[in-house]
Each structure stands twice: as C-alpha cells, then as structure tokens.
Ligand code: PHE
Ligand code: CO
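Residue numbers (the working numbering): 1409 to 1667.
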C-alpha cells in the first residue's frame, strides 16, 4: 500500500509536529467548508455525546491547533492528540491508544476530494474521532481497545479486532430516545453516509454482538450494508471487557461472514 503523507520527519513512534503555520488560507477555507456541510447534518444524525463535545470545541474556524485541543482533552479525560503523517503501523497505533494518545493525520484532502476520500485526513480524524474522546466512557473504552490491540498482536488476531474498530469506532450506530444516531467517525465525517446510515431503509441495523462483529468482513469503498447498533457506550465497554483469547481461538476455526 502506498501512503499519502510525509513520513520522513516522523519519530520512531510515527509522531510529527503539526506545523500549523504551514496550512494555507485555502486549506483553512476548505476545512471550514467541510465543517459547515457536516454541521448542518449532525443535529439530526449524530449522537448526543458527540453533539455536546463539539459545542465546547469551537473548531469551525479552520484546521484546529492540536496543542490547544489536547490541553482541553487532557483536562477532560486525560487524552491528547498526537500528530501523525497518515496511517501508521498497527503496533504504533495501538501503543498510542494504550497511552491515551489519539493519532490525528496532519494533511487535509484536496478540494476535488470534498465528497470522498480513501485515506483518513485531518478533517475525518478531527471532526469524526476527537469530540467523543471527551466522553468518559467512550474515552476509557478506546484506551482498553488500544491495550487489546497490543494483546491481539501477540495472539495473531489483529484482523478480527480490527473488525470491531470498523463496526464501532468508525461506523457504529447508537440507540437513543430520538432514534438511531451515528457515533462512528466514518459516518460523522461523511457528507453522504451520515444521513444514509440513520434513515435509508436498505442497510441492516443489527444489535451489537461482539462475536458476530469479530467474524464479519467489511468493505472500505462503499456505504456499509450492515451497521451494528449499541444501546450505550456502557454496553460497548461492558461487552468488550471479557478476555477475547478464547473467542479468537474459536472464531479462527470458523469462516468469516460476508459484510
Ligand atoms: N477484552 C479484550 C481482550 O481481552 C480487549 C478489548 C477491550 C478489545 C476493549 C476491544 C475493546 O482482548
Ligand atoms: Co477513522
């Protein structure tokens, strides 16, 4: 896989400096346009925890300064942002999460990628992922996920655990009194899939089930055909807490399920 982004200046943990002064006016304007489009959608489709957090972030003016947001995050839940050049290897990724550091890509998509981008950029990472790090239960769960990732590496089970990340942290839905809402970052940062995942009759919306998710393949290049719906972040925390070792051993012998 060839990755976009400049890895030459990255440290051994793949972190880089966010050179905030290097963003152009055009990039700040593009970030604002992305932010404004999503801002019209989120009141209807985003989960309440995300809505509450974004209100305190005041991040619509342009590409945010990670150090300022990190200061707020540290005070709220002990997390911080670590700037990265793009996608990073599993071990570096899990190690950051296990240390309550969320990797955020520094580069912004090009204007022609306004509607669709293959790799995560700063808009996806920041707008989609960072606000929920202010939620205590979500924040603790992601910390556990990071530790679980390092363990899955030792057990050769990263592929299974990555499906959990996909169907929760990236494309998860949550039941609320007002109906189903998005908490997955891939949904929250998407111009099209955010409304689709909540209202379109076509996709399946299945109750959250760890075993099924660990077995279910996913597709990265179109809207999801299956979403898994949690009742709460407490449920996510509770049901992912048991030792996955026996589960990995069992599921390894079974065929994967189609998305
Ligand atoms: N409980 C998992 C294990 O034992 C770790 C984990 C926690 C995975 C939270 C995902 C989320 O491997
Ligand atoms: Co993401």
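Where is the CB? At the ideal position from N, CA and C, for every residue including glycine.
Using alpha carbons as the reference points, say which of the options lies closest to residue i.
i, options, result
"residue 1666", "1446, 1635, 1548, 1658", "1635"
"residue 1587", "1599, 1603, 1572", "1603"
"residue 1501", "1412, 1561, 1611, 1427", "1561"
"residue 1485", "1549, 1566, 1536, 1615", "1549"
"residue 1448", "1474, 1552, 1596", "1596"
"residue 1631", "1619, 1640, 1575", "1575"
"residue 1469", "1546, 1437, 1478", "1437"
"residue 1656", "1644, 1633, 1649, 1623", "1623"
"residue 1526", "1648, 1628, 1465, 1441", "1628"
"residue 1491", "1519, 1528, 1457, 1459", "1528"
"residue 1508", "1532, 1481, 1499, 1646", "1481"
"residue 1446", "1601, 1428, 1495", "1601"
Tell me, to the nearest whole angstrom, how far the beta carbon of residue i is from that of residue j; I am working on the premise that it is less than 8 Å.
i, j, result
"residue 1556", "residue 1569", "6 Å"
"residue 1573", "residue 1582", "Their Cβ separation, rounded to whole angstroms, is 16 Å, which puts residue 1573 and residue 1582 out of contact at 8 Å."
"residue 1512", "residue 1534", "6 Å"
"residue 1515", "residue 1413", "6 Å"
"residue 1506", "residue 1554", "4 Å"
"residue 1621", "residue 1589", "Rounded, the Cβ-Cβ distance is 19 Å, inconsistent with contact."
"residue 1450", "residue 1459", "6 Å"
"residue 1633", "residue 1611", "5 Å"
"residue 1417", "residue 1503", "Actually they are not in contact, since the Cβ atoms of residue 1417 and residue 1503 sit about 19 Å apart, beyond 8 Å."
"residue 1415", "residue 1497", "That belief does not hold up - the Cβ atoms of residue 1415 and residue 1497 are roughly 11 Å apart, past 8 Å."
"residue 1461", "residue 1531", "Their Cβ separation, rounded to whole angstroms, is 16 Å, which puts residue 1461 and residue 1531 out of contact at 8 Å."
Given this structure, state the Cα-to-Cα distance separating residue i from residue j, to the nearest angstrom.
i, j, result
"residue 1606", "residue 1663", "29 Å"
"residue 1439", "residue 1411", "21 Å"
"residue 1521", "residue 1452", "24 Å"
"residue 1649", "residue 1432", "44 Å"
"residue 1463", "residue 1539", "9 Å"
"residue 1659", "residue 1577", "21 Å"
"residue 1598", "residue 1419", "30 Å"
"residue 1552", "residue 1510", "13 Å"
"residue 1584", "residue 1639", "7 Å"
"residue 1637", "residue 1477", "29 Å"
"residue 1424", "residue 1615", "39 Å"
"residue 1523", "residue 1444", "13 Å"
Mind checking who residue i pairs with in its DSSP beta bridge?
i, result
"residue 1488", "1509"
"residue 1589", "1582"
"residue 1636", "1614"
"residue 1665", "1624"
"residue 1454", "1590"
What are the uninterrupted segments assigned as alpha helix (DSSP H) that are 4 or more residues long and contained completely in the segment 1523-1584, given in chain order? Within the segment 1523-1584, the complete alpha helix (DSSP H) segments at least 4 residues long are 1544-1562, 1566-1573, listed from N- to C-terminus.
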